[in-house]
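Q: Listed in order, the protein sequences are those of chains A and B. Just so we're aligned: 251 in my numbering is position 19 of the first sequence, and the numbers increase by one with no gaps anywhere. Just so we're aligned: 277 in my numbering is position 45 of the second sequence, and the numbers increase by one with no gaps anywhere.
There are 2 protein chains.
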Amino acid sequence: MFAIDLKSRKSISEQIVDQIKELIVTGVMEPGEKMPSVRDLAGELTVNPNTVQKAYRLLEQQGFLYTAQGRGTFAADPEEIAASREDVSRAKAMLRDGLDQLYYLGVSRKETEKMIDELITEREDWT
Amino acid sequence: MFAIDLKSRKSISEQIVDQIKELIVTGVMEPGEKMPSVRDLAGELTVNPNTVQKAYRLLEQQGFLYTAQGRGTFAADPEEIAASREDVSRAKAMLRDGLDQLYYLGVSRKETEKMIDELITEREDWT
DNA sequence: TTGATTGTACTATGTATCATAGTACACTGT
DNA sequence: ACAGTGTACTATGATACATAGTACAATCAA
Chain A
233 MFAIDLKSRK
243 SISEQIVDQI
253 KELIVTGVME
263 PGEKMPSVRD
273 LAGELTVNPN
283 TVQKAYRLLE
293 QQGFLYTAQG
303 RGTFAADPEE
313 IAASREDVSR
323 AKAMLRDGLD
333 QLYYLGVSRK
343 ETEKMIDELI
353 TEREDWT
Chain B
233 MFAIDLKSRK
243 SISEQIVDQI
253 KELIVTGVME
263 PGEKMPSVRD
273 LAGELTVNPN
283 TVQKAYRLLE
293 QQGFLYTAQG
303 RGTFAADPEE
313 IAASREDVSR
323 AKAMLRDGLD
333 QLYYLGVSRK
343 ETEKMIDELI
353 TEREDWT
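Structure, rendered in structure tokens:
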């Protein structure tokens, strides 16, 4: 399904969250499609089931997944995932931090703008 | 000198690092100007001296400060602070993470670009 | 109905990071 | 000599994370 980078500064559960978000947003996971079980995905990633469960719980809280006792966990419809004001401002804070660092390092405004343009263009499908 | 936000997700030492970088880059601290001693700044911020020392050590490693045994710690010349490739790519990774989050949340590309433009424009002096 | 599968909820353990507390030592300038 | 400075320790507590193991309830297929 995907891979975990143990050397990443992101926690494992956070990496799982992000990768699954990617799969859902890009439509690789169809809305309503069944996710692997907590135990299966944990086995595939050689990771603890509790860690996967944590990721699933977070994704459900954010509306990317929904679960049914005894049946499984399913991908939600990306159209219906409402971005909360909190989530957006958290993301904005991450951008601000990154820009701060570049500013402190003396990277020029022009270079920074170019860098961001590259990052955005990496996602050709971003409308 | 500045303030610490205990509720921030950033660690205290990281906040000190960032705030001092800001003071140096903006020229509020003149090159060669003496920084408050570890103990003084710790007292002012009601923070442990070890925490301030950690921040000073990091800032020295990154070239923002230089120290002289028994004399004190001093602000470096911003002109001479060389941005390492590592530092820049770390900052770039922060930007990528923030953009990822916005993408996952379904924020449009246009809105994202507007948001970034605002963030950059907040720093009027950024050349 | 039985059994396998699934989500869920615990407790316990180990590790890492961070901040604090306290002590000590070496260097510098007055 | 003395006060102020950076620096280096050890120890403690708090928190977050991942792992290990167990248990239970709901669901579905045989």
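Virtual Cβ for every residue (Gly too), placed ideally from N, Cα, C. Just so you know, these numbers come straight off a predicted model, no measurement behind them.
I'd like the span of the alpha helix (DSSP H) that includes Ala-287/A, first residue to last.
A: The sequence position of residue 287/A within the first sequence is 55, counting from 1. From DSSP, the alpha helix (DSSP H) with Ala-287/A extends over 281 to 293.
Q: Which residues in the same chain as Lys-266/B place their Cβ atom closer than 7 angstroms to its Cβ, once the five residues preceding and following it in sequence are excluded?
A: Taking the second sequence and counting its residues from 1, one reaches residue 266/B at position 34. So the list reads Gly-304 and Phe-306, once near-sequence residues are dropped.
Q: Give me the residue from Gln-294/A, Ser-321/A, Met-233/A and Ser-316/A with the minimum Cα distance to Thr-278/A.
A: Position 46 of the first sequence, counting from 1, holds the residue named residue 278/A. That would be Met-233/A, whose Cα lies nearest to the Cα of Thr-278/A.
Q: Ends of the beta strand (DSSP E) at Leu-297/B?
A: To locate residue 297/B, count along the second sequence from 1; it is residue 65. Note, Leu-297/B: beta strand (DSSP E), 297 to 300.
Q: Just how far apart, CA to CA, sit Ala-314/B and Leu-351/B?
A: Working through the second sequence from its first residue, we reach residue 314/B at position 82. Working through the second sequence from its first residue, we reach residue 351/B at position 119. Each residue's alpha carbon lies about 24 angstroms from the other.
Q: Note down the Cα distance separating Val-284/B from Lys-253/A, rounded to an integer number of angstroms.
A: Start at 1 with the first residue of the second sequence, and residue 284/B comes out as number 52. Start at 1 with the first residue of the first sequence, and residue 253/A comes out as number 21. So the alpha carbons of these two residues sit roughly 39 angstroms apart.
Q: If I'm right that Gly-330/B touches Ala-287/A with Cβ under 8 angstroms, what's the distance once you round it to whole angstroms?
A: Position 98 of the second sequence, counting from 1, holds the residue named residue 330/B. Position 55 of the first sequence, counting from 1, holds the residue named residue 287/A. So it is not a contact: roughly 20 angstroms between Cβ atoms.
Q: Any C-beta of chain B sitting closer than 9 angstroms to the C-beta of Thr-344/A?
A: What you label residue 344/A is simply residue 112 of the first sequence in a count that begins at 1. It does; some Cβ of chain B falls within 9 angstroms.
Q: Ala-287/A versus chain B: which residues are under 8 angstroms apart at the beta carbon?
A: Against the first sequence, residue 287/A aligns to sequence position 55. Result: empty, since nearest Cβ-Cβ is about 14 angstroms, beyond 8 angstroms.
Q: Any beta-carbon of chain A closer than 9 angstroms to the one on Pro-310/B?
A: The residue you call residue 310/B lines up with position 78 of the second sequence. Answer yes: the Cβ-Cβ gap between Pro-310/B and chain A drops below 9 angstroms somewhere.
Q: Just list the alpha helix (DSSP H) runs in the stretch 309 to 350 of chain B, keeping only unbroken ones of 4 residues or longer that don't cross its boundaries, in chain order.
A: The stretch 309 to 350 of chain B contains these whole alpha helix (DSSP H) runs: 317 to 336.
Q: Find the residues of chain B that neighbour Gln-333/A, judging by a C-beta separation of less than 8 angstroms, and give them in chain order.
A: Taking the first sequence and counting its residues from 1, the one referred to as residue 333/A is at position 101. Neighbours of Gln-333/A on chain B, chain order: Asp-319, Arg-322, Ala-323 and Met-326.
Q: How about Met-347/B: is its C-beta nearer than 9 angstroms to some C-beta of chain A?
A: For the purposes of this step, residue 347/B is identified with residue 115 of the second sequence, where counting begins at 1. By this cut-off, Met-347/B is an interface position.
Q: Quick check: what's the CA-CA separation for Arg-355/A versus Asp-332/B?
A: Counting from 1 along the first sequence, the entry for residue 355/A is found at position 123. Counting from 1 along the second sequence, the entry for residue 332/B is found at position 100. In a straight line, the C-alpha of Arg-355/A is about 10 angstroms away from that of Asp-332/B.
Q: Compare the C-beta of Asp-250/A with all C-beta atoms of chain B and state if any pair is closer than 9 angstroms.
A: For the purposes of this step, residue 250/A is taken as the residue at position 18 of the first sequence. Chain B contact via Cβ: present.
Q: Quick one: list the residues of chain B neighbouring Asp-329/A, beta-carbon separation under 7 angstroms, in chain order.
A: Sequence index remark: in the first sequence, residue 329/A carries index 97 (1-based). By Cβ distance, chain B contributes Met-326.
Q: Give the interface partners of Lys-253/A over in chain B, defined as CB-CB distance under 7 angstroms, in chain order.
A: Looking up residue 253/A in the first sequence gives position 21. Tyr-336, listed in chain order.
Q: Does DSSP put Thr-258/A in a helix, in a strand, or in coil?
A: As a working mapping, residue 258/A is identified with position 26 in the first sequence. Coil, per DSSP.
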